[in-house]
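Novice: Sending over a structure as structure tokens; questions will come in a sec.
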Amino acid sequence: MLAKLNTFAIQGIDAVPVEVEVDVSGGLPKTVLVGLPEAAVRESIHRIERALANLGYQRPNGRTVINLAPADLPKDAGSFDLPIALGLLVATGQLLPEQIRDWVMVGELALDGSVRKIKGALSIAMASAERNLPNMLVPSANAREAGVVEKVNVFGVASLAEAVGILSGELPAEPVAARIEDLFAQLNTYDVDFADVRGQEFAKRALVVAAAGGHNILMIGSPGTGKTMLARRLPTILPPLVPSESLETTRIYSALGRLKPDEPLLAVRPFRAPHHTISDAGMVGGGRIPAPGEISLAHHGVLFLDELPEFNRRSLEVLRQPLEEGVVTISRAMSSTTFPADFILVAAMNPCPCGYLGDSRRQCKCNPVLVERYIGRISGPLLDRIDMHIEVPAVPFQELSIGKEGTSSAMMREQVLRAREHQKRRFGKASHRLNSRMTSRQIRKFCALDDQCRNLLKMAMDELGLSARAHDRILRMARTIADLEDSQSIRPHHISEAIAYRTLDRKLWAR
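Our numbering numbers the first residue of the sequence shown as 4 and each following residue consecutively.
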């Protein structure tokens, strides 16, 4: 008898439909697995045979051919175990063909027949909904994750026997219901707040501008001035994730198996802080079968690069395309894969190798050549793509010792949300474009300057030697600053504040 079942393979973060065909015929007992299976799938035959035997099911006695179609798609996951096992039960008459119609099955089997967790359950559920496949069997550990997709009835199973009972109707079961609204209400909380940060009001203002317009920012200061503390609190002033953004980000974590057991859905903005020893493949993604990297894990959130000059130069240069386009494309000989990577970059660095250049409390031991070489580790093209460069000085004792809390995240978020509303009206509510991503045509339309503003910007460009890209970034920042003040037009003090956020252009540490 021939059995056909629906399942999916994960390619990057996307679920690709796969049809499992199982044919059992007479002859000597032999099992053949075809359809470009990788090692993990080839080894599944032994797991499935022992699982069937240990649960008391009849195993095929004749020649068995298992085909995973399409034949040109590599299959490399343990998630094919459950559909193959169920296909064998149908092919041997222990399940009826109509009982598996319109079902999607995924899961890895243990030797005792229990079903283990898989990667990419959310992407598979979303793909099932797109193809009008109404029912889905997943491991119990993945049930809440897949259950956030409302158009699919998701059933979590702990064993192969439980899956057979649900399909045959002998075991009554209810689909898992995971309401997105309830999950957001439960999980949309942060453990940190800007109120914890004493002083640094200039840096907080800069972060409000960065969050309001989606601008990348570089913080420069001596060790212990609070750069990391400020960066970790940036997600708390960003607008709350909407369901569509949450699903986009969650499926990246799902495809990599990074979701926490008690968090089937990401309800807060992701914050990623990779170590400076990371490789370029770890940063943007890669591998024989391309997988997402840190910049995709930071999608719709914040990517924090501490000690920026210590990163490998190649790991930083690969950020150029994602910073401009919000996606990263990884090409291989046979195919190319595109991953989302729309994030705010927050970087931090010391002003010199010893860290104390310009610090009034400690003397710098670096000569000008060392300082220039240290700053030169970051390429000009990358710095051009970072809108804001600000200094984060040491906080005086008087500000640290007072009992009054600093500006809170709630107060800062109100300003950000107000500025985002202006941008929604400007670019259209359906658009997710922010001021930082304005095109040249949009800059000319929405960043018109009067003579006074134009003369101020011209003087700054002549004195600082700014590039054309830096010119456009100043205009984008000025537009965001104007939005924060509910101003329809850009005024001279908006231009002045935007120029003040270009510390490296002003050569603050030139000696």
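We put the beta carbon where it would ideally sit given N, CA and C, even for glycine.
1) List the whole-angstrom C-beta distance separating Ser299 from Ile255, where the pair is believed to meet the contact cut-off of C-beta under 8 Å.
2) Asp283 bridges to which residues according to DSSP?
3) So who's on the other strand from Phe307, going by DSSP bridges?
4) Measuring alpha carbon to alpha carbon, tell me which of Ile405, Cys369, Asp453 and Leu259 ends up nearest Leu125.
5) Can you tell me where the alpha helix (DSSP H) with Thr341 in it begins and where it stops?
6) Under a three-way DSSP split, which group does Phe197 fall into?
7) Would you kindly check if the distance between the Cβ of Met129 and the Cβ of Val395 is under 9 Å?
8) Under the three-state reduction of DSSP, which class applies to Met391: helix, strand or coil?
9) Check Leu507 in the structure and name its three-state DSSP category.
10) Compare the Cα-Cα distances from Leu85 to each of Glu101, Ile292, Ala113 and Leu99 and report the closest residue.
11) Compute the Euclidean distance between the alpha carbons of Thr10 and Glu248, then round it to the nearest angstrom.
12) May I ask you to report which of helix, strand or coil DSSP gives Gly90?
13) Compute the distance between the beta-carbons of Leu54 and Gly81, then report whether it is under 9 Å.
14) Alpha carbon to alpha carbon, how far is Ser117 from Met415? Give it in angstroms, no decimals.
15) Keeping to the same chain, check which residues put their C-beta closer than 6 Å to that of Arg66; ignore five residues upstream and five downstream.
16) Give me, in chain order, the residues of the same chain whose beta-carbon lies closer than 7 Å to that of Leu507; leave out the 5 immediate sequence neighbours on both sides.
17) How close, in whole Å, do the beta carbons of Arg428 and Ala215 come, if the pair is a contact with beta carbons under 8 Å?
18) Checking 9 Å against the spacing of the C-beta atoms, do Leu308 and Ala351 come in under that value?
19) What separation, rounded to the nearest whole angstrom, lies between the Cα atoms of Pro354 and Met139?
20) DSSP three-state call for Phe274: helix, strand or coil?
21) What would DSSP say about Ile381, mapped onto helix, strand or coil?
22) How many angstroms separate the CA atom of Pro178 from the CA atom of Thr228?
23) Assuming the contact rule is C-beta atoms closer than 8 Å, Thr239 and Asp196 should be a hit. Round their C-beta distance to whole Å, please.
24) Helix, strand or coil: which one does DSSP assign to Ala6?
25) With 16 other CB atoms within 10 Å as the buried threshold, where does Pro325 fall?
26) May I have the straight-line CA-CA distance separating His497 from Ala74, to the nearest angstrom?
27) With the cut-off set at 9 Å, would you say Leu36 and Pro77 are in Cβ contact?
28) Rank Pro371, Asn370, Asn219 and Arg291 by C-alpha distance to the C-alpha of Gly304 and give the top, closest one.
29) If you check the beta carbons only, do Pro175 and Asn156 fall under 9 Å apart?
30) Answer yes or no: do Ala294 and Gly110 have a C-beta to C-beta separation smaller than 9 Å?
31) Would you report the Cα separation of Val331 and Pro243, rounded to the nearest angstrom?
32) Identify every residue that forms a DSSP beta bridge with Asn370.
33) On the DSSP bridge list, what partners appear for Val27?
34) Give the straight-line distance between the Cα atoms of Met12 and Ala166, rounded to the nearest whole angstrom.
35) What is the residue span of the alpha helix (DSSP H) that Phe400 lies within?
36) By alpha-carbon positions, which one of His425, Glu266, Arg104 and Pro343 ends up nearest to Glu297?
Specialist: Looking at the atomic coordinates:
1) 5 Å
2) The partner list for Asp283 (beta bridge, DSSP) is empty, contrary to what the question assumes.
3) Val349
4) Leu259
5) Run containing Thr341: none in the alpha helix (DSSP H); it sits in the beta strand (DSSP E), Ser339 to Pro343.
6) helix
7) no
8) strand
9) coil
10) Ala113
11) 26 Å
12) helix
13) Inspection of the sequence shows that residue 54 is occupied by Ala rather than by Leu. No, Cβ-Cβ distance for Ala54 and Gly81 is not below 9 Å.
14) 50 Å
15) Ser28, Gly30 and Lys33
16) Leu386 and His392
17) Their Cβ separation, rounded to whole angstroms, is 14 Å, which puts Arg428 and Ala215 out of contact at 8 Å.
18) yes
19) 55 Å
20) strand
21) coil
22) 52 Å
23) 6 Å
24) strand
25) buried
26) 60 Å
27) no
28) Asn219
29) no
30) no
31) 24 Å
32) According to DSSP, which records beta bridges pairwise, Asn370 is partnered with nothing at all.
33) Thr67
34) The question names Met, but residue 12 is Ala in the sequence shown. About 20 Å.
35) Phe400 to Ser404
36) Pro343
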